[in-house]
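Trainee: Just dropping this structure here.
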Amino acid sequence: MSVSPPVLNVHTPTSSFAVIHSLNDESMRQLYEKLNRKCRAEFHGQRVGPGWIKYHWNDAVWNLDDDSDYTIFGWRQKSPSSSGQSNAATMTTLHVHDPAGKLPEPPAYRNPSFYMFQASRLMSPQPRSDRNAKSPKGKSVKQDSGDTDEIAVAKHRREFERFHSENGVRTVMGSIGPVENVRMLLKSGYRHVYISRKFALKHGFIPADAAPGHYGYGGLVNLGKWPITLTPATSFPSEEFLPSGGHVASPQTDGDPHHQSRKPKKVSISVYLSEEPHFDVVLGRSFFERRQIRTSSIDPTEVVCMDTGEKIECELVVLKDGRGEVVIVT
72 MSVSPPVLNV HTPTSSFAVI HSLNDESMRQ LYEKLNRKCR AEFHGQRVGP
122 GWIKYHWNDA VWNLDDDSDY TIFGWRQKSP SSSGQSNAAT MTTLHVHDPA
172 GKLPEPPAYR NPSFYMFQAS RLMSPQPRSD RNAKSPKGKS VKQDSGDTDE
222 IAVAKHRREF ERFHSENGVR TVMGSIGPVE NVRMLLKSGY RHVYISRKFA
272 LKHGFIPADA APGHYGYGGL VNLGKWPITL TPATSFPSEE FLPSGGHVAS
322 PQTDGDPHHQ SRKPKKVSIS VYLSEEPHFD VVLGRSFFER RQIRTSSIDP
372 TEVVCMDTGE KIECELVVLK DGRGEVVIVT
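Sequential numbering of the sequence shown, starting at 72, is according to our numbering.
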């Protein structure tokens, strides 16, 4: 008795077909190649890849982008779905679409089996330009719920990016050890003071021959205590932040009684090596507690060291990656 081969049903925006494919014996790459041969004409030679393939499971649409997704997809083939639809029918069906391409609009043919054109998802068969037009009976045509969701997501994304583009992380200038004019991240969410591996190698905090398995790759490494100073603002000290009746003792002025400039306070504190890629130095809670740093929720650039009353020069920095998207520093 012959055994039927494993078959995957495939729906695209304009066509449906099936491919013979074994999830147990064949890989994700082999599935890509089979779909490329079948869809070459429809997608104008574009190769199927991550972001192209989706499938139904438990009344939701899931991505099939990489080997992990492929393993989960194969496991779900053997597991019962809580969906009201037939498990065999939904789990052996893939939906393929170029995420950078446009979906066909009426009067062009649209495959009703493709997940975005199914009756449960498609509220109106009319093209987008006619959604606000009146029907012959005088009733307005409802907008596609899928497009409404996309518009809402795009709006929230713009608001999210605008919010973070108007805010940033506190950075201060100062020195650590023999290195001066270093921009440091000031964030109490970190526990200690950290320096990045690249900065540590460049300035000799760790040996130049540091290799994987040493100096932090195997865990947190204490580099000892190093002196740290912060660059004060032009108005130093700020008497409004001093304790009642308090004063700041003037440091040594090299014997010149008329010399009125005050040197920034230097504190020695334990420094740890980190893999933080964005900043050379991160000043965490241990530094906050040592210098009794106070910040303002109204003016994020207001940073005061309560141990001396000095106001620190602070700038807000917004980080963005190579694509111009905001990087959130947690």
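Note that the Cβ used here is the ideal one computed from N, Cα and C, for glycine as well.
Taking the straight line between their C-alpha atoms, what separation do you get for Gly316 and Val342?
Mentor: Note that Gly316 scores 43 on pLDDT, short of 50, meaning its location in the model is unreliable; the coordinates nonetheless yield the value given after this. When rounded, the distance between both Cα atoms is 34 Å.
Trainee: Keeping to the same chain, check which residues put their C-beta closer than 6 Å to that of Met378; ignore five residues upstream and five downstream.
Mentor: Residue identity differs from the one stated: residue 378 is Asp in this sequence, not Met. Taken in chain order, the residues that qualify are Arg362 and Gln363.
Trainee: Please report the distance separating the alpha-carbon of Ser87 from that of Ala131.
Mentor: Cα to Cα, Ser87 sits roughly 21 Å from Ala131.
Trainee: Are three or more beta carbon pairs between the segment 380-388 and the segment 290-298 nearer than 8 Å?
Mentor: These segments do not touch.
Trainee: Give every residue of the same chain whose Cβ lies closer than 8 Å to the Cβ of Pro170, excluding the five residues on either side of it in the sequence, and list them in chain order.
Mentor: The residues are Gly122 and Trp123.
Trainee: Can you name, in chain order, every residue of its own chain whose Cβ lies under 6 Å from the Cβ of His274, other than the five neighbours on each side?
Mentor: Cβ within range, chain order: Val250.
Trainee: Report, in whole angstroms, the separation of the C-beta atoms of Ser246 and Val253, which I expect to be a contact under 8 Å.
Mentor: The Cβ separation is near 6 Å, so the contact holds.
Trainee: With 16 other CB atoms within 10 Å as the buried threshold, where does Ser267 fall?
Mentor: Buried, because 16 or more other Cβ atoms sit within 10 Å of the Cβ of Ser267.
Trainee: Go ahead and pull the three-state DSSP assignment for Thr142.
Mentor: Residue state, collapsed to three classes: helix.
Trainee: Is DSSP giving Arg241 helix, strand or coil here?
Mentor: Reduced to three states, the DSSP call for Arg241 is strand.
Trainee: Starting from Trp128, follow its DSSP beta bridges and name the residues at the other end.
Mentor: Per DSSP, Ala131.
Trainee: Alpha carbon to alpha carbon, how far is Gly248 from Val352?
Mentor: Whole-angstrom Cα-Cα distance: 12 Å.
Trainee: Just mark Leu387 as buried or exposed, buried being the case when its beta carbon has 16 or more other beta carbons within 10 Å.
Mentor: Exposed, because fewer than 16 other Cβ atoms sit within 10 Å of the Cβ of Leu387.
Trainee: Report the residue from His82, Ser93, Ser98 and Val81 whose alpha carbon sits nearest the alpha carbon of Ser75.
Mentor: The candidate whose alpha carbon is nearest that of Ser75 is Ser93.
Trainee: CB-CB under 6 Å to Thr366, same chain, minus the five flanking residues each way: which ones, in chain order?
Mentor: Only Val374 meet the Cβ criterion.
Trainee: Buried or exposed: Ala89, going by 16 or more other Cβ atoms within 10 Å of its Cβ?
Mentor: Exposed, because fewer than 16 other Cβ atoms sit within 10 Å of the Cβ of Ala89.
Trainee: In terms of residues, what are the limits of the beta strand (DSSP E) holding Phe88?
Mentor: Run containing Phe88: Ser87 to Ile91, per the beta strand (DSSP E) assignment.
Trainee: Use the C-beta contact count for Lys125: other C-beta atoms within 10 angstroms, 16 or more gives buried, fewer gives exposed.
Mentor: Lys125 is buried by the Cβ-count criterion.
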